[in-house]
Amino acid sequence: MGMPRLRSWGEKEGGREQGPTGGLENLTAFAKGRVAERRRLAGLARERGLERVVRWKPKKADDLQGSGIDTVLAHTLYAIVGALSLQRGGETTNQLVKERILAPLGLRK
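Here the sequence shown is numbered in my numbering, starting from 278 and rising by one per residue.
Right under this line is the structure:
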């Protein structure tokens, strides 16, 4: 018995688009890159209050920007999405990403 083939991001399964950007029409590679831009994701993480609860030791306590706070916050969002995907599965994760990340960043289906 072989392992099932892994689908690529956005590939259809049973007639349905997969991946959080899979069902969005006319989304160019540039637009996808713009959505996932570190600065924009960090801003969304700040709006959601993650900056107050994330635990990390910055290189320069008096200069969070210089220490990479945007990278830390963006990766915190990635980690939350990954954990949700493992715990609740792809369908739930896709719905959350579309509603809580893509929509606030200006992408709607």
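Just so you know, even glycine gets a beta-carbon here, dropped at the ideal spot from N, CA and C.
Let's see if you can read the secondary structure: which residues bound the alpha helix (DSSP H) around Val-330? First-last of the alpha helix (DSSP H) with Val-330: 327–330.
Same chain, Cβ closer than 6 Å to Ala-319, five either side skipped, listed in chain order: Answer for Ala-319: Asp-347, Leu-350 and Ala-351, listed in chain order.
Can you name, in chain order, every residue of its own chain whose Cβ lies under 7 Å from the Cβ of Pro-381, other than the five neighbours on each side? The residues are Leu-321.
Secondary structure at Asp-347, three-state DSSP: helix, strand or coil? When DSSP states are grouped into helix, strand and coil, Asp-347 belongs to the helix group.
Who are the near neighbours of Leu-354 in its chain, counting only those whose CB is closer than 8 Å to its CB and skipping five residues on each side? When the five nearest sequence neighbours on each side are left out, the beta carbons in the same chain lying within less than 8 Å of the beta carbon of Leu-354 are those of Leu-318, Leu-321, Ala-322, Leu-327 and Ile-378, in order along the chain.
Kindly indicate which three-state DSSP category Leu-382 falls into: helix, strand or coil? In the structure shown, Leu-382 sits in coil (DSSP, three-state: anything other than H, G, I, E or B).
Would you mind reading off the limits of the alpha helix (DSSP H) that contains Glu-314? Premise fails: Glu-314 is in no alpha helix (DSSP H) and is neither H nor E.
If I measure Cβ to Cβ from Gly-345 and keep anything under 8 Å in the same chain, skipping five residues before and after, which residues do I get? Non-local beta-carbon contacts of Gly-345 in its own chain, meaning distances under 8 Å to residues more than five positions away in sequence, involve Pro-335 and Lys-336 in chain order.
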